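The structure appears right after this line, and notes come after that.
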Amino acid sequence: MTTRPTSLSDSGVQLSPDAERPSETLTSLASPLSDSNSSMMNDDEKRGDDTQRAKSRMEKYFAEKPDKNIFMKLIHPSYHERNLQFKKIFVDKGLIEESDQFLASYSCAYQREILAQGRMFISQFNVCFYANIIGWETTLVIPMKEIKLIKKMKAAFIFPNSIQFERDTGEKYFFASFINRDKSFQVLTTAQQKVVGEEGRAMTREEVWDMVYKEKVSGFWEK
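Per the UniProt record's numbering, the sequence shown starts with residue 1, numbered consecutively.
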């Protein structure tokens, strides 16, 4: 009668002192899975923290800052302060509706007989401009729905810092000296397309924030 071996040692196979026991082998196989799950959890937590930080920064940006000193208000106005300027110049004078929310503003120059250096204010339904040069005021309001074309231009055919609007009536408006022409153009065209395009709705200030700050273009609102 042939006797079957009851163990590896009985069959003539010698176990090395360093050989892993079955329980150790299972543990070593499970370890990479545990590390992978831990890494995924860390990634999820990191994304959650980033989202929370972004939300906190956005809320802080739109909030009123009553403790800001006069000097800082002049050199680095907040969104709230620009919004107050916008309302004083355009809303309080009845040029646009009170419900038309301010989105962003840019320093630029409007070309007429001369270049009038001032500020463009973008609202949900209008492109506005205001300049005051030694008492000579220039105020302009162009409804988004009346804009047929927004085009990048070059000042004096050399400097790529300009944008031109063409109205559906054929009138053209030329603005130069943008600090960040490409980003200004992106926000302008997006806001205009939301109004006249298939969506048929107004862009929100939160959407402008996402567009600008997800690409980490800090300070864009005040430039």
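By construction, the Cβ of each residue, glycine as well, lies at the ideal position given by its N, Cα and C atoms.
Remember, it's a predicted structure, so these values are computed and weren't measured experimentally.
Sort the options by Cα distance to residue i and report the nearest one.
i	options	result
Gln111	Phe174, Phe121, Val212, Leu95	Phe174
Phe159	Glu171, Phe165, Lys145, Ser177	Ser177
Thr190	Gly170, Glu171, Ile179, Met211	Met211
Arg123	Phe165, Pro77, Ser105, Thr138	In the sequence as presented, Arg is not what sits at residue 123; that position holds Ser. Among Phe165, Pro77, Ser105, Thr138, the Cα nearest to that of Ser123 belongs to Ser105.
residue 298	Gln117, Glu206, Ala156	Residue 298 is absent from the model: the chain starts at 1 and stops at 223.
Phe121	Phe86, Ile96, Ser162, Lys93	Phe86
Lys93	Ile114, Ile133, Val141	Val141
Trp136	Ile179, Phe157, Ile114	Ile114
Trp209	Phe102, Arg201, Lys88	Phe102
Asp182	Arg201, Gln192, Ser162, Glu171	Ser162
Val187	Glu207, Asn132, Cys108, Arg119	Glu207
Lys172	Asn180, Met153, Glu81	Met153
Asn180	Phe90, Ile96, Ser107	Ser107
Gln192	Arg82, Lys145, Ser78	Lys145
Ala155	Phe185, Ile133, Ile134, Ala109	Ala109
For residue i, report the span of its beta strand (DSSP E) as first-last.
i	result
Phe178	No beta strand (DSSP E) holds Phe178; DSSP gives it neither H nor E.
Tell me, which residues are paired with residue i by DSSP?
i	result
Gly118	Cys108
Leu140	Phe129
Phe90	According to DSSP, Phe90 bridges with nothing at all.
residue 229	Residue coverage of the chain in this structure runs from 1 to 223, which leaves residue 229 outside it and unanswerable.
Arg201	Beta-bridge pairing links Arg201 to no other residue.
Ile147	Arg167
Ser123	Phe102
Lys172	Glu166
Determine the extent of the alpha helix (DSSP H) in which residue i is found, giving its start and end residues.
i	result
Phe157	Here Phe157 belongs to no alpha helix (DSSP H), and DSSP marks it neither H nor E.
Phe86	79-86
**Message:** With three or more C-beta pairs closer than 8 Å as the rule, is the segment 195-212 touching the segment 127-134?
**Reply:** The segment 127-134 is not in contact with the segment 195-212.
**Prompt:** Would you call the segment 161-173 and the segment 140-151 in contact, with 3 or more CB pairs under 8 Å?
**Reply:** Touching, per the Cβ criterion.
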